[in-house]
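Student: In our numbering, the protein residues as written are 125 to 437.
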């Protein structure tokens with residue numbers, strides 16, 4: 125393998141990734157890429173032998189062991205910072221439960237070099253078997269979202285070429301340019317798990333970068349069912365949606381409107397005599413009130429244009 129004319133770092137956050145051979149598939153696919161990729165692993169406090177497995181089988185990789193679970197965004201920021209310190213021109217974020225084809229990263233980098241207006245490029249996300257699209261990926265490329273990929277492929281049988289613009293694609297596999305990281309920064313610390321990728325896409329667009337899908341390369345995302353997680357409870361989901369809207373620099377939702385939305389939900393619960401749910405929404409309202417100044421400060425930081433925001437914190 126010849127040395128690249130540019131430096132690519134892949135950042136993988138691991139947490140108990142031994143199930144279903146995730147770590148082996150993920151790291152093995154990166155090592156087998158057609159371009160040289162510097163691999164940085166941030167372990168988020170695994171207890172299933174993930175760290176020992178990586179040390180034994182992938183000793184040449186850059187492994188950082190966190191003393192606690194930092195969450196998705198903060199751990200990725202740590203990896204991104206290391207990548208930039210090592211001179212990365214591109215940073216490829218990949219979930220521990222995902223893996224790439226041999227040419228995936230090379231083709232993404234080629235397209236980003238041809239089209240530097242794209243701050244984030246992502247491949248097609250398949251499921252772990254490779255026989256269907258990943259959960260919700262079809263929503264990101266649906267005609268209702270203004271993306272013509274499906275219609276080009278299925279309706280008019282047109283050869284898919286170039287990059288397809290999307291408003292959002294989840295962060296299971298993102299190629300981010302250094303210039304995008306400089307202007308948009310890293311993931312916001314306002315989000316621990318879920319919501320951070322939506323917020324990041326908003327900020328990328330605020331800084332006038334595009335987000336695109338490369339239709340001729342793939343990843344395979346062997347995700348587990350997550351909707352039963354505490355992060356998907358009604359109150360957590362509502363709070364996360366409101367935080368995302370309030371922190372969107374393109375059209376931030378005001379505290380007044382956010383409070384009004386919560387009051388509507390609270391009244392619905394009271395009418396239905398669901399007092400437990402009403403109490404939860406009251407707690408959400410109080411939490412947003414307590415976070416009002418923090419939310420405003422974070423929004424102002426984004427608008428200020430500080431270089432490498434959140435990455436060097």
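Every residue gets a Cβ at the ideal spot worked out from N, C-alpha and C, and that includes glycine. Predicted, not measured: the structure shown is a model, and the values here were computed from it.
(1) Look up residue 218 in the DSSP assignment and say whether it is helix, strand or coil.
(2) For residue 394, count the other beta carbons within 10 Å of its own beta carbon; 16 or more makes it buried, fewer makes it exposed. Which is it?
(3) How many angstroms separate the CA atom of residue 361 from the CA atom of residue 409?
(4) Confirm, please, whether the CB-CB distance from residue 139 to residue 173 is below 9 Å.
(5) Please report the distance separating the alpha-carbon of residue 421 from that of residue 386.
(6) On the criterion of 16 or more Cβ atoms from any shown chain inside 10 Å, does residue 228 qualify as buried, or is it exposed?
(7) Per DSSP, which one or two residues make a beta bridge with residue 165?
(8) Using only the alpha-carbon positions, how far apart do residue 260 and residue 398 sit?
(9) Please work out which residues of its chain come closer than 6 Å, Cβ to Cβ, to residue 341, disregarding the five sequence neighbours upstream and downstream, and give them in chain order.
(10) Which of the three DSSP states, helix, strand or coil, is assigned to residue 242?
(11) Any idea what DSSP makes of residue 153, helix, strand or coil?
(12) So, is residue 205 buried or exposed, given that buried needs 16 or more other C-beta atoms within 10 angstroms?
(13) Anyone know if the C-beta pair for residue 195 and residue 292 falls short of 9 Å?
(14) Are there 16 or more other CB atoms within 10 angstroms of the CB of residue 258, so buried, or fewer, so exposed?
(15) From residue 369 to residue 297, what does the alpha carbon distance come to, in whole angstroms?
(16) What number of angstroms, rounded off, separates the C-alpha of residue 254 from the C-alpha of residue 131?
Tutor: On the basis of the coordinates in this document:
(1) Taking the first residue of the chain shown as position 1, residue 218 is located at position 94. If DSSP states are grouped into helix, strand and coil, residue 218 belongs with the strands.
(2) To locate residue 394, count along the chain shown from 1; it is residue 270. Residue 394 should be labelled exposed.
(3) Taking the first residue of the chain shown as position 1, residue 361 is located at position 237. Taking the first residue of the chain shown as position 1, residue 409 is located at position 285. Approximately 13 Å between the Cα atoms of the pair.
(4) For the purposes of this step, residue 173 is identified with residue 49 of the chain shown, where counting begins at 1. For the purposes of this step, residue 139 is identified with residue 15 of the chain shown, where counting begins at 1. No; because the gap between Cβ atoms is not below 9 Å, this pair is not in contact.
(5) For the purposes of this step, residue 421 is taken as the residue at position 297 of the chain shown. For the purposes of this step, residue 386 is taken as the residue at position 262 of the chain shown. Distance between the alpha carbons of residue 421 and residue 386 is about 22 Å.
(6) Your numbering for residue 228 matches position 104 in the chain shown. It counts as buried.
(7) Your numbering for residue 165 matches position 41 in the chain shown. Paired residue(s): 136, 187.
(8) The residue given as residue 260 occupies position 136 in the chain shown. The residue given as residue 398 occupies position 274 in the chain shown. Whole-angstrom Cα-Cα distance: 31 Å.
(9) Here residue 341 is taken as the residue at index 217 of the chain shown, counted from 1. Contacts found: 228, 231, 247.
(10) Here the question's residue 242 lines up with position 118 in the chain shown. The answer is strand: DSSP assigns residue 242 an E or B state.
(11) On the chain shown, residue 153 is found 29 positions in, with the first residue counted as 1. Looking at residue 153 - three-state DSSP - the assignment turns out to be helix.
(12) Taking the first residue of the chain shown as position 1, residue 205 is located at position 81. Counting Cβ neighbours within 10 Å, residue 205 comes out buried, since at least 16 surround it.
(13) Counted from its first residue, the chain shown places residue 195 at position 71. Counted from its first residue, the chain shown places residue 292 at position 168. No, the pair does not count as a contact, with Cβ atoms beyond the cut-off.
(14) Locating residue 258 in the chain shown gives position 134, where the first residue counts as 1. Answer is buried; the Cβ neighbour count reaches 16.
(15) In the chain shown, the residue the question calls residue 369 occupies position 245. In the chain shown, the residue the question calls residue 297 occupies position 173. Those two C-alpha atoms are separated by around 23 Å.
(16) Numbered from its first residue, the chain shown carries residue 254 at position 130. Numbered from its first residue, the chain shown carries residue 131 at position 7. Distance between the alpha carbons of residue 254 and residue 131 is about 29 Å.
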